[in-house]
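Under numbering that gives the first Met the number 0, the first residue of the sequence shown carries the number 0, and numbering increases by one thereafter.
The C-beta atom is built at its ideal place from N, Cα and C for all residues, glycine as well.
Nothing here was measured: the structure is a model prediction, and the numbers come from that model.
Structure first, commentary second.
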Amino acid sequence: MVDLQTQYNNIKSEIDGAIKQVIDSAHFIKGEAVGEFADNLAQYLNVKHVIPCANGTDALQIALMALDLKPSDEIICPDFTFISSAEVIGLLKLHPVLVDVDEHSFVSTLKNIENAITVKTKVIIPVHLFGQAAEMEAIMDLAKKYNLYVIEDTAQALGSDYIFSDSSRKKLGTIGHIGCTSFFPSKNLGCYGDGGALFTDDDELAERIKMITNHGSKQKYYHEIIGINSRLDTLQAAILNVKLKYLDSYISSRQKAAHYYTENLKSIDGLITPQENGYSVHTYHQYTLRIQNGKRDELKEFLNKKDIPAMIYYPVPLHNQEAFKTIARTHSSLEISEKLSKEVLSLPMHTELSLQQQDYIIAAIKEFFD
Ligand SMILES: Cc1ncc(COP(=O)(O)O)c(C=O)c1O
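Next comes the structure, spelled out in structure tokens:
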């Protein structure tokens with residue numbers, strides 16, 4: 000699905016130099032590169048605070064921990080997504096309230112979010128799935144109306160712009176009260192292991208988030224609150240510092256590849272190509288088709304036999320996951336999530352995808368539908 004080896008080879012000397020510098024300094028924990036990367040990313044995103052941490056799941060957990068919630072509080076998150084957001088809600092003994100998504104953009108709809116709000120609701124977690132945004136402008140209005148926090152899950156959409164109704168733009172992850180991201184290797188900005196970060200413009204929240212990532216401590220060996228140990232390694236920060244310079248060009252490569260797929264696949268009957276929602280810039284973390292003839296699994300197998308690694312993100316909606324059977328709540332139908340889990344198929348999507356590779360994949364899909 001990705002080609003991290005070729006991506007590395009194209010920037011090998013810069014990456015090797017950055018890694019060597021960290022090893023020479025032996026500052027493996029909290030080394031200079033961590034602060035440098037946080038500053039560079041804050042500048043790129045145009046946000047006041049970037050607080051690095053160990054991975055995207057931790058970022059979501061830390062964001063919730065920073066908000067001083069009580070065990071019965073309800074947190075709204077999409078039903079059709081990766082498990083992390085709902086998992087950390089459960090881990091903190093809060094209640095995930097799962098809402099259905101839009102079948103074209105794959106993100107939670109405003110109507111479903113509003114319908115799920117009760118007196119116990121404290122937080123909305125919009126997940127910007129596959130590279131494009133949930134309806135942040137309207138979600139922020141809703142949050143204001145009901146006095147809720149918004150934690151953006153930007154793990155799959157770092158670098159995407161949100162386009163407001165007055166045409167102004169903001170990077171995803173910087174619109175809600177807290178933004179979270181992951182630097183998992185295949186992400187828009189990926190390191191060479193695990194990594195994550197939180198973003199906020201709020202000084203008090205930033206202070207609390209920093210403490211939580213550091214055992215609840217501001218001053219060494221003095222602990223004011225319960226925290227965790229969640230740090231971005233210096234080596235990963237040094238790698239990310241190099242790769243951040245290439246993020247915009249990586250995004251352009253993904254968009255170019257996505258548009259080429261769409262141009263060549265859109266007229267196939269029974270297959271729906273990804274639709275851009277118009278209020279955000281799609282960064283195509285995933286290129287996800289919907290296969291409507293009931294033959295999604297057959298197509299996947301057909302492609303896999305031709306060495307094309309198509310994947311299903313995600314085969315089981317969260318409400319059907321064993322882990323959530325007893326803790327998840329829902330106030331409405333989750334039929335679109337159910338439907339999507341039977342239709343979606345993601346094609347290889349990465350920064351080094353060549354036209355020859357894409358032509359091979361496109362020809363195979365056309366052969367299947369012929
Ligand atoms: C939407 C979403 N949220 C959160 C995460 C968690 O990130 P990590 O794997 O760094 O913990 C992922 C990772 O795949 C993700 O796709």
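- Ligand 1 has no heavy atom closer than 7 Å to the beta-carbon of asparagine 187.
- The three-state secondary structure of glutamate 321, taken from DSSP, is helix.
- Counting the other Cβ atoms within 10 Å of the Cβ of asparagine 228 gives fewer than 16, which makes it exposed.
- When the beta-carbon positions are compared, histidine 127 and threonine 108 stay at least 8 Å from each other.
- Annotation for glycine 55 indicates a beta carbon within 7 Å of some heavy atom of ligand 1.
- Shortest Cα-Cα distance from isoleucine 138 to any of Lys119, Val106 and Gly158 involves Val106.
- Annotation for valine 126 indicates a beta carbon within 7 Å of some heavy atom of ligand 1.
- Around the beta carbon of histidine 318, 16 or more other beta carbons sit within 10 angstroms, so the residue counts as buried.
- Following the DSSP letters along the chain, one finds arginine 168 inside the beta strand (DSSP E) bounded by residues 168-170.
- Contact check for proline 70 and phenylalanine 323: beta-carbon distance about 17 Å, past the 8 Å limit, so the pair fails to qualify.
- Look at serine 107: its beta carbon is at least 7 Å from all of the heavy atoms in ligand 1.
- If one requires a minimum length of 3 residues, the beta strand (DSSP E) runs lying completely within the segment 116-153 are 120-123 and 148-152, in chain order.
- Contiguous beta strand (DSSP E) elements confined to the segment 1-82 occur at 48-52 and 73-77, taking only those with 3 or more residues.
- Scanning its chain for C-beta atoms nearer than 7 Å, with the 5 sequence neighbours on each side dropped, one finds around glutamate 337 the residues Pro316, in chain order.
- Listed in chain order, the beta strand (DSSP E) runs fully inside the segment 179-264 are 195-199 and 216-218, counting runs of at least 3 residues.
- The way I'd put it, the segment 236-243 doesn't touch the segment 77-87; fewer than three beta-carbon pairs between them come closer than 8 Å.
- Going by DSSP, serine 279 is part of no beta strand (DSSP E) at all; its letter is neither H nor E.
- Leaving aside the five residues that flank leucine 91 on each side, the residues in its chain whose CB is nearer than 6 Å to its CB run, in chain order, Leu63.
- A contact between stretches requires three or more CB pairs, one per stretch, nearer than 8 Å, and the segment 157-167 fails this requirement with the segment 114-126.
- As computed with DSSP, leucine 90 is found in no beta bridge at all.
- Exclusion of the five residues before and after leucine 171 leaves His127, Ala132, Thr153, Ala156, Ser159 and Tyr161 as the residues of its chain whose Cβ lies within less than 6 Å of its Cβ.
- For glutamate 300, there are no CB contacts under 6 Å within the same chain when 5 residues up- and downstream are skipped.
- For serine 159, the Cβ stays outside the 7 Å cut-off from all heavy atoms of ligand 1.
- As computed with DSSP, tyrosine 161 is found in a beta bridge with Lys169 and Ser279.
- Counting along the chain, arginine 295 sits inside the alpha helix (DSSP H) bounded by residues 295-304.
- For the pair of segments examined, the segment 27-35 was found not to touch the segment 196-203: the number of CB pairs separated by less than 8 Å stays below three.
- By the CB criterion at 8 Å, cysteine 76 and isoleucine 18 fall outside the cutoff.
- Not one heavy atom of ligand 1 is found less than 7 Å from the C-beta of leucine 264.
- The shortest CA-to-CA distance from phenylalanine 81 to any of Leu346, Tyr313 and Val343 is the one to Tyr313.
- Beta-bridge analysis with DSSP links valine 343 to Arg289.
- Less than 8 Å divides the Cβ of tyrosine 278 from the Cβ of glutamate 134.
- Methionine 310 is bridged by DSSP to Ser345.
- In the three-state reduction of the DSSP assignment, leucine 97 falls in the strand class.
- Leucine 298 places its beta carbon 8 Å or farther from that of threonine 272.
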